[in-house]
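Heads up: the structure comes next, in structure tokens.
Numbering (our numbering), first residue to last: 792 to 1071.
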């Protein structure tokens, strides 16, 4: 196996070709007797992870991922106060059992189920990512959130609850395949926006009409209360005037009766004085 770049990383640390899934130009799988070193894999993944292909003359070396992901980006319909969902289809393209784990830079913002699992050979599963309801739009509808999907070969019949804690730990010396996913926000289409705007406008008109009716009703109640208060005040003033007039009339009659009584008594006394016979 002559290759000027890969041969610079030859060592005695060998890895079974069946775990690497490495192919060359004609599309024929390498013989199982041929071995690829760990350094080959690490160099290839670190320096050629964007193209996933390394070419040299007539030869082409291709790294085939343990899993395939559709879609390659997470796209969410972004609407305020509403959740949005995006389904990821993860397919195992090997004859091995493959465990996967989904990570995100904003764990409080997204809900991932299942976020960990084991896929049998040549099988697939669906992961649902839910964007929680948001209260405001991001600047320019640009999202900086990222997702990372890690995968690793595990022993057959491994249950997801039995996965070791270091399954996706690179420091353990395992080959961990990683795939980064971007997040894209979209807005409703023009028709939907138009319908939403029409509905919103109608709702606002109804709301404004209700507000106007309520304000008018309150004004009428206020005016009625003011008029009732003025009427009560007029009635109170009338009662006060009547009471004062009755008091004045009662005082005049009593005074006249008293004066008349005094006059009668004086007249009686005078009559007695002048009518008495003279003394002998």
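We treat Cβ as the ideally placed atom computed from N, Cα and C, and that holds for glycine. No experiment lies behind these values; they were computed from the predicted model shown.
Name the residue from the options whose alpha carbon lies nearest to the alpha carbon of residue i.
{"i": "residue 928", "options": "873, 1031 and 1030", "result": "873"}
{"i": "residue 923", "options": "863, 883 and 903", "result": "903"}
{"i": "residue 931", "options": "869, 955 and 1048", "result": "869"}
{"i": "residue 890", "options": "979, 1007, 953 and 990", "result": "953"}
{"i": "residue 919", "options": "1004, 1022 and 906", "result": "906"}
{"i": "residue 892", "options": "910, 1050, 980 and 876", "result": "910"}
{"i": "residue 926", "options": "955, 1025, 900 and 936", "result": "900"}
{"i": "residue 887", "options": "948, 1004 and 1027", "result": "948"}
{"i": "residue 968", "options": "955, 1064 and 945", "result": "945"}
{"i": "residue 789", "options": "876, 1049 and 860", "result": "This structure cannot settle anything about residue 789, because the visible part of the chain is limited to 792 through 1071."}
{"i": "residue 933", "options": "913, 897 and 977", "result": "977"}
{"i": "residue 908", "options": "1032, 1063 and 951", "result": "951"}
{"i": "residue 883", "options": "898, 866 and 913", "result": "913"}
{"i": "residue 898", "options": "1022, 936 and 1004", "result": "936"}
{"i": "residue 974", "options": "896, 1055, 1053 and 994", "result": "896"}
{"i": "residue 867", "options": "965, 979 and 955", "result": "979"}
{"i": "residue 885", "options": "1054, 915 and 894", "result": "915"}
So what's residue i in DSSP terms, helix, strand or just coil?
{"i": "residue 888", "result": "strand"}
{"i": "residue 954", "result": "coil"}
{"i": "residue 871", "result": "coil"}
{"i": "residue 1008", "result": "helix"}
{"i": "residue 866", "result": "strand"}
{"i": "residue 894", "result": "strand"}
{"i": "residue 1062", "result": "helix"}
{"i": "residue 880", "result": "strand"}
{"i": "residue 1055", "result": "helix"}
{"i": "residue 794", "result": "Unreliable positioning characterises residue 794 in this predicted model, as indicated by a pLDDT of 43, which lies under 50. A coordinate reading is not provided."}
{"i": "residue 839", "result": "Confidence in residue 839 is poor, its pLDDT being 44 and thus under 50, which makes the residue's placement unreliable; the coordinate value appears in the next sentence. Coil, per DSSP."}
Assuming residue i contacts residue j under a Cβ cut-off of 8 Å, what Cβ separation, rounded to an integer in Å, is found between them?
{"i": "residue 864", "j": "residue 972", "result": "6 Å"}
{"i": "residue 1002", "j": "residue 942", "result": "Not confirmed; about 58 Å, so no contact."}
{"i": "residue 878", "j": "residue 917", "result": "5 Å"}
{"i": "residue 970", "j": "residue 880", "result": "Not confirmed; about 13 Å, so no contact."}
Quick check on the DSSP output: the beta strand (DSSP E) that includes residue i runs from which residue to which?
{"i": "residue 1094", "result": "Past the edges of the chain, shown from 792 to 1071, lies residue 1094, and the structure says nothing about it."}
{"i": "residue 916", "result": "915–922"}
{"i": "residue 940", "result": "937–945"}
{"i": "residue 906", "result": "Per DSSP, residue 906 belongs to no beta strand (DSSP E) and is neither H nor E."}
{"i": "residue 859", "result": "858–861"}
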